[in-house]
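Some notes on the structure that comes next.
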Amino acid sequence: MTLSLDFRAGRSPAWGNGPDISAGGRHGQHRLPDHADLTPLIASCSCHSFAITVANNSQQLHCYIFHDMGRQRVMNRVEMAGNGDVAARRTGLSGTSKWSLPVGLMTLAFGAESPALAQVTELPVIVVEAPREERSRGPSDGELTVIDRSFAPVTVVQEGEIRRNGGRTIGDLLGNLPGITSSGFAPGSASRPIIRGLDAFRVRIQENGVGTQDVSDLGEDHGVTIDPSSAQRVDVVRGPAVLRYGSQAIGGVVNVTNERIPTVLGPEGIFPALRTALSSVDRGVDSGLTVSARKGNIAFHGEFNRRTAEDYATPGGGHQANSYLRAMNGSIGATLFFDGGYWGAAVAHTNATYGIPGTFSAAERARIALQQTRFTSKGEYRPESGPIDILRFWFGASIYAHAEDSFIPAADRFATALTFRNKEAETRVEAQMRPLETAIGALTITTGVSANYQLAGATGVAPPLFEPATTQTAASYLFGDLQLTPTTRLQASTRVEYTALRGIGGIFPSDYLGSSGPVLDTPIARSFVPFSASFGLLQDLPWNFVGSVTAQFVERAPRVPELFSKGAHAAPGTFDIGNPTLNKEQARTFEIGLRRSAGPLRLDMSAYYTSFNGFIFKSPTGLYCGETFASCGTGTAYRQTVFRQRDATFYGTEFRVQYDVATIGTGTLGVEAQYDFVRARFADDTNVPRIPPHRLGGAVFWRDGGLFARVSLLHAFAQRQIAANETPTAGYDLLNAEISYTTRLNANTYGVSELTAGLTGTNLLDAEIRNHVSFKKDEVVQPGRGVRAFVNLRF
């Protein structure tokens, strides 16, 4: 028996180990066992609800199927009839799916004489919220999610892990995953992801496809304005896929997905959810309320989150002075679903105040008080006919500001030394074309255009770090995906940008000594045309393995701080000097990957080699400055750093594997392991600064229905491969443990439909951990032993 499918959107069924048919209109066939029953249809086809009913004197089989359309969940009501056809028309929300099933399978379902074998019924699509387990845990809570159909390596953190982890920042949430560390400047407050040793201007952080539009990439002490507690999923993407987002994502993209712009048209009514958590290491309290609702074809979503934390405890019974946090954020959004697509928008506001730890920062009680108001919008349209299969757009605009304050004892008040302001807007429009059958296979082309405007400045009572400067970017990109055979895919992509920057740069003496002469301020306008391209091969291998090979060339234009910095930055304690003559940065990357997502063994492994021409980096000169450049060489308050450009080479590997060892009763006992390293050198064989060490880890886990428990140990080796003016960092062992339980309840009886509760223990060995990539790692130790308790309720 054979199942034929024609899918224009979503994931197709996969029988046994047969190939999966990806979104975008691919045709395919699956061989069914001769004595097949409906179990594969219900399980492998993602039938989340199944019933046989009688209507109009006809027996009918109903299979409710959820399709993944980006973030949109669509449920098809499929009715099977005896002529072997199964049809469901999605009334434009996601196109049309047509299934053809042999009569033999229908005979197994209904019997040879069933009156249901008489007709085909087309029913409208019903858009619903997918079952909680499907949305938050994937196949099973705690199960490693491997994306084996992507040319680029993708690390996925599902909602269940986000809730258990409880990281206060995106960096904290991701920092222990292979290939990812965190900047750790102010743990729990200002901690940004570092991917493969690359950070700041080379890593883009975005929410629902739109950049954060804060200034976290302009300074290590700046917090990211995305609250991990609102996330339903976090994807970390490297490689060719980042060309969609621009050359500033040369290191990777961190995409946080949530429902601030609703993408699910759930049942009619109002559905709140509450969460709360307490942490011992910082006496932290984390709470949040979300409300989802539907009225007709409009979905609504609102949320409010609040976090407070005191100075966190350090190993040995001390506390890290000035490491407190006060933060709150909220959003409200709505989406209109219409025939063929949807359009939604949201407004969010964030307020946060946090201390900057470190010897001098704590003595001055240095703090950052930030606020941001942000508008985002996105939409999608799927025409019934024509060359375009899917048309998508994204838009975002924000106003951001933060003050860097220090306490003045004589005046008994805080005074602002520096204020960062950022006004930014971006948009992107993308069209995915219908597959074109060629002589060598089906070709799917995706093309898009994007534009960005930014006005950023850092000014204060002292000479400005950099004066207000503008960045304007326009770009176009194209992806071509060729399905050569059912097991072989090729992809080629390209991107061309135009970037124009205008600001006030400084011309400094060559020895950077204040006694050698003054700084000459000069208006500067620079423009660049970065070009990027990639090529990839994806090949199915025996035993459900998938191999990938990619080659990539990327150019990146310098950013405003790299060109125009010329002053003191109090929070990190540096005096930053830009270089207005910097050229484009070029990177050539070759990468191989091996992945396996099916069965008890799940594997994700990558190895890469990147050669940089003109790698831009911040280098300490060994000098110290006061508030002005004239004091450089004699001052003591700020360490002088200069943006330089040199050729460099990065190479490394990332490995993570998970294996279900045994099924005991209804539960599964499993183990996992991970390893990662990155090595980075300049052309003269000296070391690139702030590169994370080798890390090796393992874990044992147990999952049984709603119960999940895990114990993990991560060993970081000592980092002695250091650059000039760096110090070595000792290794450490990080022991964590977690347990959580989720259960569904009768809402009519208890008033709650789902309850999740758990405990998480971090750094249980109370080890002294210093983060080598942090500029303040010699002054700031990471949090000591802590326990976190959390409860989540859905009504």
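This note's numbering numbers the first residue of the sequence shown as 444 and each following residue consecutively.
Backbone N, C-alpha and C define an ideal beta-carbon position, used for all residues, glycine too.
Using the DSSP secondary-structure output, state which residues sit across from residue i in a beta bridge.
{"i": "residue 748", "result": "731, 772"}
{"i": "residue 1142", "result": "1115, 1155"}
{"i": "residue 974", "result": "939"}
{"i": "residue 672", "result": "Looking at the DSSP assignment, residue 672 forms no beta bridge with any residue, so it has no partner."}
{"i": "residue 761", "result": "757"}
{"i": "residue 693", "result": "Answer is none; residue 693 lacks a bridge partner."}
{"i": "residue 1083", "result": "1018"}
{"i": "residue 792", "result": "773, 816"}
{"i": "residue 1090", "result": "The partner list for residue 1090 (beta bridge, DSSP) is empty, contrary to what the question assumes."}
Quick one: is residue i buried, meaning 16 or more other Cβ sit within 10 Å of its Cβ, or exposed?
{"i": "residue 1205", "result": "buried"}
{"i": "residue 856", "result": "exposed"}
{"i": "residue 1199", "result": "buried"}
{"i": "residue 686", "result": "buried"}
{"i": "residue 837", "result": "buried"}
{"i": "residue 738", "result": "exposed"}
{"i": "residue 835", "result": "buried"}
{"i": "residue 610", "result": "buried"}
{"i": "residue 1031", "result": "exposed"}
{"i": "residue 689", "result": "buried"}
{"i": "residue 853", "result": "exposed"}
{"i": "residue 1104", "result": "exposed"}
{"i": "residue 1223", "result": "buried"}
{"i": "residue 1107", "result": "exposed"}
Check whether the Cβ atoms of residue i and residue j sit closer than 9 Å, and answer yes or no.
{"i": "residue 975", "j": "residue 1034", "result": "no"}
{"i": "residue 1158", "j": "residue 1139", "result": "yes"}
{"i": "residue 787", "j": "residue 817", "result": "no"}
{"i": "residue 1022", "j": "residue 1120", "result": "no"}
{"i": "residue 742", "j": "residue 712", "result": "no"}
{"i": "residue 969", "j": "residue 933", "result": "no"}
{"i": "residue 1160", "j": "residue 1151", "result": "no"}
{"i": "residue 763", "j": "residue 1136", "result": "no"}
{"i": "residue 1011", "j": "residue 905", "result": "yes"}
{"i": "residue 1058", "j": "residue 951", "result": "no"}
{"i": "residue 681", "j": "residue 638", "result": "yes"}
{"i": "residue 899", "j": "residue 867", "result": "yes"}
{"i": "residue 613", "j": "residue 658", "result": "no"}
Which value, in whole angstroms, describes the spacing of the CA atoms of residue i and residue j?
{"i": "residue 907", "j": "residue 860", "result": "10 Å"}
{"i": "residue 1090", "j": "residue 1134", "result": "16 Å"}
{"i": "residue 989", "j": "residue 769", "result": "45 Å"}
{"i": "residue 1185", "j": "residue 1055", "result": "48 Å"}
{"i": "residue 924", "j": "residue 592", "result": "12 Å"}
{"i": "residue 582", "j": "residue 601", "result": "In this predicted model, residue 582 has a pLDDT of only 44, less than 50, meaning its place in the structure is not dependable enough to derive any value."}
{"i": "residue 949", "j": "residue 620", "result": "40 Å"}
{"i": "residue 1250", "j": "residue 1006", "result": "Since the first residue of the chain shown is 444 and the last is 1238, residue 1250 is not available in this structure."}
{"i": "residue 605", "j": "residue 1153", "result": "14 Å"}
{"i": "residue 634", "j": "residue 671", "result": "12 Å"}
{"i": "residue 507", "j": "residue 707", "result": "Residue placement at residue 507 is poorly supported in this model, since its pLDDT is 34, which falls under 50; the coordinates still yield a value, given next. If I take the Cα positions, the gap works out to 16 Å."}
{"i": "residue 776", "j": "residue 703", "result": "6 Å"}
{"i": "residue 548", "j": "residue 986", "result": "Unreliable positioning characterises residue 548 in this predicted model, as indicated by a pLDDT of 35, which lies under 50. The coordinate reading is nonetheless provided below. Spanning the two alpha carbons is a distance of roughly 28 Å."}
{"i": "residue 971", "j": "residue 1073", "result": "33 Å"}
{"i": "residue 630", "j": "residue 750", "result": "14 Å"}
{"i": "residue 1167", "j": "residue 1132", "result": "8 Å"}
{"i": "residue 1164", "j": "residue 877", "result": "50 Å"}
{"i": "residue 796", "j": "residue 1027", "result": "36 Å"}
{"i": "residue 590", "j": "residue 963", "result": "52 Å"}
{"i": "residue 993", "j": "residue 588", "result": "21 Å"}
{"i": "residue 673", "j": "residue 807", "result": "33 Å"}
{"i": "residue 1238", "j": "residue 721", "result": "21 Å"}
{"i": "residue 1115", "j": "residue 1047", "result": "11 Å"}
{"i": "residue 1075", "j": "residue 959", "result": "10 Å"}
{"i": "residue 557", "j": "residue 830", "result": "Bear in mind that a pLDDT of 37 at residue 557, under 50, signals an unreliable position, so the number given afterwards is only what the model happens to contain. Cα to Cα, residue 557 sits roughly 41 Å from residue 830."}
{"i": "residue 894", "j": "residue 692", "result": "15 Å"}
{"i": "residue 1178", "j": "residue 1040", "result": "27 Å"}
{"i": "residue 1111", "j": "residue 625", "result": "32 Å"}
The ligand COA and residue i: does any heavy atom of the ligand fall closer than 8 Å to the residue's C-beta?
{"i": "residue 1085", "result": "The ligand COA is not part of the structure shown, which contains no ligands of any sort."}
Against chain C, does residue i count as a neighbour if the rule is that its beta carbon must be under 9 Å from one of theirs?
{"i": "residue 722", "result": "In the displayed structure, chain C is absent; only one protein chain is listed."}
*Jot down the residue ranges of each uninterrupted beta strand (DSSP E) in the stretch 990-1065, minimum 3 residues, whole runs only, in chain order.*
1009-1012, 1017-1020, 1028-1039
*Would you mind listing the beta strand (DSSP E) stretches within the stretch 812-875 that are 3+ residues and don't spill past its ends, in chain order?*
831-851
*Report the residue ranges of all beta strand (DSSP E) runs contained in full by the stretch 906-966; include only those spanning at least 3 residues, in chain order.*
909-928, 931-950
*Ranges of the beta strand (DSSP E) found wholly within the stretch 618-645, counting only runs of at least 3*: 623-625, 636-638
*Kindly provide the ranges of any beta strand (DSSP E) runs that are 3 or more residues long and lie completely inside the stretch 1181-1228, ordered along the chain.*
1197-1205
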